[in-house]
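Let me begin by presenting the structure, written as structure tokens, before commenting on it.
Below, the structure written as structure tokens:
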């Protein structure tokens, strides 16, 4: 496998300054998209293993190659960095002398990783705006190199402490909005079964380094039932035309999905062989990334009906 092939499999590109966190997020996204338990296509299993191989290849590249972070002379990919960092540039312009540079470096050492990354990209963009001031650029490059070094160290240390778990809740548990208790390092984590992905702070085992517990839930659906990317629940059902013919329009037709009964009337059916009936807001919880235990919004149930003659 080479770099181009790995990027094709993971549907990503290295031209945007990809770091390990971005690579990890893309890997989790592709796992969800092509997991064999979620996609019955026989070719999916082979592709799923290719995704893992591609991830391992690119991760190894990131371990040995710093070019995934944007070079100071490259155009920044973040064109809309918040104006809250304007003060930073003014402060650096005022105090970046040989006397103050050590204090700047000490200050940078105390900044968290996400803020460092935003600062780095913002400085890369600002550097182009002052390209004529060579002395200032020299000092800016030194700061960028230091931020780059801090980022590399932080990313490498952090991902080593992350853990990735896949759970397979029953569709009945998801409908009921049940919560699983998952134990990791003698600590209990409450996992909402309806959330595709939940991320928790992972308490350290030995040293003081915090990691992340990334939990993905892939519901086990009965035959003929599946969940789409928007959490809508689909079921295929077949009705007999001869049994419907003598019934009036108020005749009720029911179908069951893991203990949940869904009813519609003959009058809702059209005179066609295949059709769809949508039962709104009676599906599974949609999930709220800002409040993972919020189940106030539910998806639809979509019945795909085939009328046989």
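Residue numbers (the numbering used here): 17 to 325. We put the CB at the ideal spot given by N, CA and C, even for glycine.
Simplified DSSP assignment, three categories, for residue i
{"i": "residue 240", "result": "coil"}
{"i": "residue 113", "result": "Low confidence applies to residue 113: its pLDDT is 47, below 50, so where it sits in the model is not reliable enough to give any reading."}
{"i": "residue 206", "result": "strand"}
{"i": "residue 251", "result": "strand"}
{"i": "residue 264", "result": "coil"}
{"i": "residue 90", "result": "Caution is warranted here: a pLDDT of 45 is assigned to residue 90, below 50, making its placement in the model unreliable, and no coordinate value can be reported."}
{"i": "residue 180", "result": "strand"}
{"i": "residue 219", "result": "coil"}
{"i": "residue 98", "result": "Reliability of the predicted coordinates at residue 98 is poor, the pLDDT of 49 falling under 50, and the value obtained from them is presented with this limitation in mind. Coil."}
Paired residues, beta bridge with residue i - DSSP
{"i": "residue 186", "result": "236"}
{"i": "residue 301", "result": "314"}
{"i": "residue 194", "result": "According to DSSP, which records beta bridges pairwise, residue 194 is partnered with nothing at all."}
{"i": "residue 275", "result": "Its beta-bridge partners do not exist; DSSP assigns none."}
{"i": "residue 322", "result": "254, 290"}
{"i": "residue 270", "result": "279"}
{"i": "residue 230", "result": "180, 215"}
{"i": "residue 295", "result": "317"}
Cβ-based burial, residue i [other Cβ within 10 Å; buried from 16]
{"i": "residue 209", "result": "buried"}
{"i": "residue 138", "result": "buried"}
{"i": "residue 50", "result": "buried"}
{"i": "residue 185", "result": "buried"}
{"i": "residue 40", "result": "buried"}
{"i": "residue 301", "result": "buried"}
{"i": "residue 135", "result": "buried"}
{"i": "residue 275", "result": "exposed"}
{"i": "residue 83", "result": "Residue placement at residue 83 cannot be trusted, given a pLDDT of 44 that sits under 50; the coordinates are not used to answer."}
Distance CB(residue i)-CB(residue j) smaller than 7 angstroms
{"i": "residue 281", "j": "residue 268", "result": "yes"}
{"i": "residue 315", "j": "residue 248", "result": "yes"}
{"i": "residue 36", "j": "residue 74", "result": "no"}
{"i": "residue 195", "j": "residue 211", "result": "no"}
{"i": "residue 68", "j": "residue 42", "result": "no"}
{"i": "residue 15", "j": "residue 227", "result": "The question about residue 15 has no answer here: the residues shown for the chain are numbered 17 through 325."}
Check: residue i C-beta below 6 angstroms from any heavy atom of the ligand SAM
{"i": "residue 211", "result": "Ligands in the displayed structure: none, and consequently the ligand SAM is not present."}
Kindly confirm or deny that the region 316-324 and the region 251-259 touch, where touching means at least three C-beta pairs closer than 8 angstroms. yes
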